[in-house]
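Take the position in the sequence shown, starting the count at 1, then add 103; the result is the number in this note's numbering.
Glycine included, C-beta positions come from ideal geometry on N, C-alpha and C.
Remember, it's a predicted structure, so these values are computed and weren't measured experimentally.
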Amino acid sequence: MDSFVFGKKLGSGKFGDVYIAMEKQTGFKVAIKQIKKVNIKKLDAYEDIINELKALQILDHPNIIKLYGYFYENDTINIIQQIAPGKELFAELQAQVNKRFNEQTVSNYIKQIIHILLYVHQQGFIHRDIKPENILICDGVIKLCDFGCAGIIQKDQMRQTFCGTLDYLSPEMAQGKSYDQSVDVWSIGILTYELIFGRSPFYNQNHDAIIGKVINGSVQFGGPVSFDAADFIQKMLCKDPKKRILLNDALQHPFILNQSKKNAEYDIISLNDQAFLYRK
């Protein structure tokens, strides 16, 4: 702790607070997430913390928040991460007229997320908690964060652990069945729908009703939508995971290809990573 000078609070989460900090020796600015051990115990979240640290120690991608290290101090776990400017995609969505984006913007965001998840899956992980609150956005560029639900999965292996957010839960997870990386494809379908229509397709205030809709319901489009967008969402939200579109195929879908041609300047995978470092 003595190696850093702490600055303003950047925000608070369910486990603790996040601060800007500067390393005394180099002047390098970072974000430090301080997690109280008592909160971990209270929320039974030890596995979430371990999952996130394991994933971020391995994952190295310009559009994933970087982990620089972590240390223990008294009753606190301190996680040192890259500072990412901008704000949550959820906050950006709420700031839009009618709380929704146009399809061109959605296509750009989803294309970026697909590229990120292709990398995550290639490294042997499933994210399992794709949602607007876990995505940061700055000048149209995506950063994926919060790997607390990340699971390790080997080729041809299935998992059964429940994890994630109810609105974004896949049918196989809702039914307690084995699952693989295709649960992230389902989540992208839910996210695409929410960014276009301003709400998730199976939203309900009653949790049991959400589960029922996820397992048995069909997608009803809540407003005008192009054929390409509707078809893309339907292919993502196929209830049979074996028939669900693959991420590589999703990149070739007209909803992604046609919109990308209109907005070719957004090739974020080649963006210099320094764009995400803290600026005074």
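Whole-angstrom Cβ separation of residue i and residue j, contact assumed at under 8 Å?
{"i": "residue 173", "j": "residue 180", "result": "6 Å"}
{"i": "residue 271", "j": "residue 299", "result": "That pair is no contact at about 15 Å."}
{"i": "residue 123", "j": "residue 136", "result": "Rounded, the Cβ-Cβ distance is 11 Å, inconsistent with contact."}
{"i": "residue 335", "j": "residue 295", "result": "7 Å"}
{"i": "residue 235", "j": "residue 155", "result": "About 19 Å; that fails the 8 Å criterion."}
{"i": "residue 291", "j": "residue 233", "result": "6 Å"}
For residue i, which residues of its own chain have a beta-carbon under 6 Å away from its beta-carbon, when the five flanking residues on both sides are left out?
{"i": "residue 241", "result": "188, 189"}
{"i": "residue 313", "result": "269, 305, 307"}
{"i": "residue 284", "result": "224, 229"}
{"i": "residue 344", "result": "275, 285"}
{"i": "residue 338", "result": "348"}
{"i": "residue 341", "result": "347"}
{"i": "residue 249", "result": "237"}
{"i": "residue 109", "result": "122, 124"}
Suppose you measure from the CA of residue i to the CA of residue j; what does that come to, to the nearest Å?
{"i": "residue 161", "j": "residue 184", "result": "14 Å"}
{"i": "residue 209", "j": "residue 105", "result": "43 Å"}
{"i": "residue 384", "j": "residue 216", "result": "There is no way to answer for residue 384, as the model of the chain reaches only from 104 to 383."}
{"i": "residue 213", "j": "residue 359", "result": "8 Å"}
{"i": "residue 282", "j": "residue 275", "result": "6 Å"}
{"i": "residue 263", "j": "residue 278", "result": "In this prediction, residue 263 scores a pLDDT of 44, lower than 50, which makes its location untrustworthy; the coordinate-derived value is nonetheless stated afterwards. Computed Cα separation, rounded: 10 Å."}
{"i": "residue 176", "j": "residue 354", "result": "44 Å"}
{"i": "residue 310", "j": "residue 149", "result": "25 Å"}
{"i": "residue 167", "j": "residue 222", "result": "10 Å"}
{"i": "residue 115", "j": "residue 121", "result": "6 Å"}
{"i": "residue 143", "j": "residue 125", "result": "26 Å"}
{"i": "residue 203", "j": "residue 128", "result": "45 Å"}
{"i": "residue 192", "j": "residue 350", "result": "21 Å"}
{"i": "residue 118", "j": "residue 164", "result": "25 Å"}
{"i": "residue 322", "j": "residue 316", "result": "9 Å"}
{"i": "residue 251", "j": "residue 186", "result": "18 Å"}
{"i": "residue 130", "j": "residue 333", "result": "49 Å"}
{"i": "residue 112", "j": "residue 134", "result": "9 Å"}
{"i": "residue 326", "j": "residue 195", "result": "20 Å"}
{"i": "residue 328", "j": "residue 211", "result": "16 Å"}
Under the three-state reduction of DSSP, which class applies to residue i: helix, strand or coil?
{"i": "residue 183", "result": "strand"}
{"i": "residue 323", "result": "coil"}
{"i": "residue 282", "result": "strand"}
{"i": "residue 305", "result": "coil"}
{"i": "residue 118", "result": "coil"}
{"i": "residue 328", "result": "coil"}
{"i": "residue 107", "result": "strand"}
{"i": "residue 389", "result": "Outside the modelled stretch of the chain, which goes from 104 to 383, sits residue 389, for which no answer is possible."}
{"i": "residue 354", "result": "coil"}
{"i": "residue 196", "result": "helix"}
{"i": "residue 233", "result": "coil"}
{"i": "residue 167", "result": "strand"}
{"i": "residue 300", "result": "helix"}
{"i": "residue 290", "result": "helix"}
{"i": "residue 205", "result": "coil"}
By DSSP's criteria, residue i is part of a beta bridge. Which residues make up the other side?
{"i": "residue 133", "result": "124"}
{"i": "residue 239", "result": "191, 246"}
{"i": "residue 138", "result": "119, 180"}
{"i": "residue 112", "result": "122"}
Would you say residue i reaches chain D, if we count a Cβ-Cβ gap shorter than 7 Å as a contact?
{"i": "residue 233", "result": "Given the protein chain composition of this structure (a single chain), no chain D is represented."}
In chain order, what residues of the same chain have a beta carbon less than 8 Å from the beta carbon of residue i, not counting five sequence neighbours either side?
{"i": "residue 246", "result": "166, 167, 168, 187, 189, 238, 239, 240, 379"}
{"i": "residue 140", "result": "178, 179, 180"}
Leaving out five residues on either side along the sequence, give the residues of the same chain with a beta carbon under 7 Å from the beta carbon of residue i.
{"i": "residue 320", "result": "305"}
{"i": "residue 288", "result": "339, 347, 348, 350"}
{"i": "residue 357", "result": "331"}
{"i": "residue 318", "result": "274, 277, 278"}
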